[in-house]
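Below is one structure, written out as structure tokens; the observations come after it.
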Amino acid sequence: MTTRTTYRAVVATAPGQLELVERPVPTPGPGQVRIEVEACGVCHSDSATVEGFAGVPYPRVPGHEVIGRIDAVGDGVHEWRVGQRVGVGFLAGEDGTCPSCRQGDPVTCQNPVITGMTTDGGYAEIMLAEARGLVKVPEDLDAAQAAPLLCAGLTTFNALRHSGAQAGDVVAIHGLGGLGHLGVQFARKMGFHTVAIARGANKAALALSLGAHRYIDATVEDVAAVLRSMGGARVVLGTAPTAQGMAQTIPGLSPRGQLVVVAVPGEPISVNATDLIFGARSVAGALTGTVADNEQTLAFANLQDIRAQVETFPLEQAQEAYDRMMRADVRLRAVLVMKPSSPQHP
Ligand SMILES: [Zn+2]
Ligand SMILES: [Zn+2]
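FYI, in full-length UniProt numbering the residues of the sequence shown are 1 to 346.
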């Protein structure tokens, strides 16, 4: 248990502005735990908090890819103990009472705890979290490499495993950034005929090193034609926030193939109805997953040696990390590291 009385946190205070502050160490409320944060990934969704979208109030600590260790438990928390290594992702506590929850679909909960939006997140040395939103984290995972798995990893892993694609099917990952570089690794290890789509010849080596069987350079190749020449993609996972780029893949889908969208472009994705009808193709969205899904993501990544490629920053450089993430100028995922991973010796 920490003996300090204050901790450092980074708060969003105005659109685009992050500020380092010192705060008193809080006491966890009923059903909550306090976490000493080891690392927290910097995700594009943090922009909703930092830029003040979606009514997120200032000041707010962003960050929903949190790896740390439980430091104190609140009343009524019996299933977690001090010293346990845990993660906190984007959805970190369903209400349990809304129509979605009552139908057993907590991922579409209409009133969820969203880390870094409805509560303070992980750009901090200490944070509070709901015990029901915690993810068990294996001791042998490096915090900085594991943090992005809690959001970017879960999003791509869950979307792929629920896509209906089967071993051997052509699955294309559109984009090779923070999400896409994990998507390619998952797709390969799940047994798909894995295609990576990005822009530029200089991405080919990265794509192949991540496990892609085929790289398509969208600047010189006709993406849909290449996919069709392979029999069509059963699934295209859209991880690059470009509406036009995603739309170009739709005629490359196989019959009953699906474009699964997990990135948010600034403009609508235009879809030719003919491409949908003839071939019974579809376009769908996929949203993160449950805490159990997240534990399965970490376990699969650990088992299959799937790692995020990260650039790390100390907490006081959160503004730089955020700005570079927003400019897509990090390789390939920015992570704030508060303290080195500390193996527990019982
Ligand atoms: Zn995220
Ligand atoms: Zn709910």
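Ideal Cβ positions, reconstructed from N, Cα and C, are used throughout, including at glycine.
Residue 361 lies in the alpha helix (DSSP H); which residues open and close that run? A question about residue 361 goes unanswered here, because the residues of the chain that appear run from 1 up to 346.
Lining residues of ligand 2 - beta-carbon closer than 7 Å to any non-hydrogen atom, in sequence order: E94, D95, G96, T97, C98, S100, C101, P106, C109, Q110, N111 and P112
Can you name, in chain order, every residue of its own chain whose Cβ lies under 7 Å from the Cβ of E22, other than the five neighbours on each side? Within the same chain, E22 has close Cβ partners T6 and R8.
Count the other CB atoms, across all protein chains shown, that sit within 10 Å of the CB of A218; report buried if there are 16 or more and exposed otherwise. buried
Specify the secondary structure class of P346 as computed by DSSP and reduced to three states. Below a pLDDT of 50, predicted positions are generally treated as unreliable, and P346, at 38, falls in that range; the measurement from the model is reported next regardless. P346 sits in coil when the DSSP states are folded into three classes, being neither helix nor strand.
Identify whether T108 lies in helix, strand or coil by the three-state DSSP scheme. helix
Residues near G178 by beta carbon distance below 6 Å, same chain, minus five either side: A152, L332 and R333
Please state whether the Cβ-Cβ distance between A321 and V42 is less than 9 Å. yes
Give me the Cβ distance between G68 and V37, rounded to the nearest whole Å; I'm assuming they're in contact under 8 Å. About 4 Å separates the beta carbon of G68 from that of V37, a gap short enough to meet the 8 Å contact definition.
In the DSSP assignment, find the unbroken alpha helix (DSSP H) run with E320 in it and report its ends. A318 to M326
Cut-off 8 Å between Cβ atoms - residues of its own chain near T108, not counting five sequence neighbours on either side: S100 and L287
Helix, strand or coil at K136 according to DSSP, with G and I counted as helix: strand
Does ligand 1 have even one heavy atom less than 8 Å from the beta-carbon of F90? Taking the Cβ of F90 as the reference point, at least one heavy atom of ligand 1 falls within a distance shorter than 8 Å.
Taking a cut-off of 5 Å, which residues have a beta-carbon closer than that to any heavy atom of ligand 1, in chain order? With the criterion CB distance below 5 Å from any heavy atom of ligand 1, the matching residues run C43, S45 and C151 along the chain.
Kindly indicate which residue of G289, E267, T156 and A165 has the alpha-carbon position closest to the one of L253. Comparing C-alpha distances from L253 to each of G289, E267, T156 and A165 shows the shortest one belongs to A165.
Just the C-alpha distance for D75 and R132, rounded to the nearest angstrom, thanks. 13 Å
At which residue ranges does the stretch 27-70 contain complete beta strand (DSSP E) runs of 3 or more residues, listed in the order of the chain? Whole beta strand (DSSP E) segments, 3+ residues: 32-42.
Straight-line gap, S209 to R4 (C-alpha atoms, nearest Å): 44 Å
Look at G279 and G231 and say whether their C-beta atoms are less than 9 Å apart. no
For T49, which option in P62, R188 and A39 has the closest C-alpha, if you only look at C-alpha atoms? P62
If you check the beta carbons only, do A263 and G175 fall under 9 Å apart? yes
Between the stretch 121-139 and the stretch 87-94, are three or more C-beta pairs nearer than 8 Å? yes
Excluding the 5 residues flanking S163 on each side, which residues of the same chain have their C-beta closer than 7 Å to its C-beta? So the qualifying residues of the chain are V235, Q258 and V260.
Assuming R281 is part of the alpha helix (DSSP H), what are its boundary residues? Element bounds for R281: n/a, residue is neither H nor E.
Can you find at least 3 beta carbon pairs, one from the stretch 238-252 and one from the stretch 264-274, that sit closer than 8 Å? yes
E267 CB to nearest chain D CB: under 9 Å? Chain labels in this structure do not include chain D; a single protein chain is all it has.
Spell out the partners DSSP gives L128 in its beta bridges. R34
Assuming the contact rule is C-beta atoms closer than 8 Å, F157 and T297 should be a hit. Round their C-beta distance to whole Å, please. F157 to T297, Cβ: 5 Å. Contact.
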